[in-house]
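Residue numbers (this note's numbering): 1 to 289. Ideal placement from N, C-alpha and C gives every residue a C-beta, glycine not left out. Just so we're clear, the structure is a prediction, and the values are computed from it rather than from any experiment. Below: one structure, written as structure tokens.
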Amino acid sequence: MSQKLPNIADSCVLLVQSCDAYEDVWEMFFSALLEYWKDCKVDIILNTETKTVVFNGLNINKNNYCKYKQYSSWGERLLDVLGRIEKKYVITLFDDFILEGKVNENKIVECLRYMEENKTIGAFYFNNIPGNTKESYEDFIQLDKTADYKVNSCPAIWRKSVLQSVTGSMDSPWAWEFFGSVRAYGNEYEYYCAKLGAEDTFIYQYQLGGAIRRGKWVKAVVSPAIKKYNLSLDPTIRGYASNSLSEGKYSFKWKVDFVLLGVRMVGVKAFIPLFRAILLKIERLWKKK
């Protein structure tokens, strides 16, 4: 007798990470989601501070979980939302991941089946995370025990309890990804990412960082979407990012505050990813000579 396959809508919620300041991207995001995930039955939680949105054809939560509470940080808000979710698995997307291809539901079901069979799997990332070579499942490779960006913002399906365990109440989105990975070093859970060439589940222009970079629109992503979905969005209000991925270097104060936040989050272990990042930068500079 063949094993019954998991049902995505019964097993998961789709958690869209956002904030009120990114309200202008929601119509674009959900227009693309509706086009490329036809007949999506999954309950959707738009994780913002006070606002929400209604979009015909999608089951977006009408009552914002966070509306009546003040949060000191993104991490505290995320933990509160996760605590209200009753389902075991969470699919995570950030709001500027504008889809450009059909969602591969079969791949999501496959990952759910693996996670049901193996309780030590914490997450499947649907993009490739460089530097990992250990093959495990047909389209996925296992991340090393102390891999950089073991906690990652790319599209993923998480075991909810594991996502809670690698999130802290003081985290910002950037610190969660950079320093939060330390929380996953050597823990009992396995993390997987898509092999190169198998990034076919949530398709968007991740090489450009999505639709917004450093607070401005990425023109190559946004301009076609505005035209395609006939949006009334005025991109000049937010402005366009430059074509350089290194545009707008962070200030010295921002960097100091970022390091201090990392130390508060994970203690002296915060210097592990910092040291690796410095070595990588030196290596890149050396190769340019």
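> Does the region 176-183 come close enough to the region 264-282 that 3 or more CB-CB pairs lie under 8 Å?
Replying inline: yes
>> Could you compute how far the alpha carbon of L15 sits from the alpha carbon of F124?
In response: 15 Å
>> Which of the three DSSP states is assigned to R214 in this structure?
In response: coil
> What whole-angstrom Cβ distance do C12 and I157 have, given they're in contact under 8 Å?
Replying inline: 7 Å
> Going by Cα to Cα distance, which pick from I226, L112, K87 and K145 is closest to Y137?
Replying inline: L112
>> Which residues does DSSP list as the beta-bridge partners of L58?
In response: Bridge partners of L58: none, in fact.
>> Let me check one thing: in DSSP terms, what residues is A194 bridge-paired to?
In response: F140
>> Between which two residues does the alpha helix (DSSP H) holding Y114 run?
In response: E105 to E117
> Three-state secondary structure (DSSP) at A270?
Replying inline: helix
> Can you list, in chain order, the stretches of the alpha helix (DSSP H) that have 4 or more residues and sit fully within the region 65-89?
Replying inline: 74-84
> What span of residues does the beta strand (DSSP E) with D43 cover, start to end?
Replying inline: D43 to N47
> Since A32 and L78 are thought to touch, with beta carbons under 8 Å apart, how far apart are those beta carbons, to the nearest angstrom?
Replying inline: So it is not a contact: roughly 23 Å between Cβ atoms.
> By Cβ distance below 6 Å, which residues in the same chain neighbour G168 in space, the five residues on each side in sequence not counted?
Replying inline: G75 and M265
> If you check the beta carbons only, do P6 and L93 fall under 7 Å apart?
Replying inline: no
> For the beta strand (DSSP E) that Y313 lies in, which residues bound it at each end?
Replying inline: In the structure displayed, the chain extends from 1 to 289; residue 313 sits before or after that span and is not available.
> Taking just the CA atoms, how far does W254 sit from S73?
Replying inline: 16 Å
>> Could you give the first and the last residue of the continuous beta strand (DSSP E) run that contains A156?
In response: A156 to R159
> Where do the ends of the alpha helix (DSSP H) carrying F124 lie?
Replying inline: Where F124 is concerned, there is no enclosing alpha helix (DSSP H), although the beta strand (DSSP E) it sits in stretches over I121 to Y125.
> Is the number of C-beta pairs between the region 59-68 and the region 80-88 that are closer than 8 Å three or more?
Replying inline: yes
>> Suppose you measure from the CA of I60 to the CA of F258; what does that come to, to the nearest Å?
In response: 33 Å
>> Is it buried or exposed, P273, if we count other Cβ atoms within 10 angstroms and call 16 or more buried?
In response: buried
>> So V339 and Y189 are supposed to be a Cβ contact under 8 Å. How far apart are they, rounded?
In response: This structure leaves residue 339 out entirely; the chain is present only between 1 and 289.
>> Quick check on A277: buried or exposed, where buried means 16 or more other Cβ atoms within 10 Å of its Cβ?
In response: exposed
> Taking DSSP as the reference, what is the three-state secondary structure of K219?
Replying inline: helix
> Opposite E135 in the DSSP bridges: which residues?
Replying inline: I141
> For L93, which beta-bridge partners are listed by DSSP?
Replying inline: V16
> Just curious, the alpha helix (DSSP H) that V182 is in, first and last residue?
Replying inline: G180 to A184
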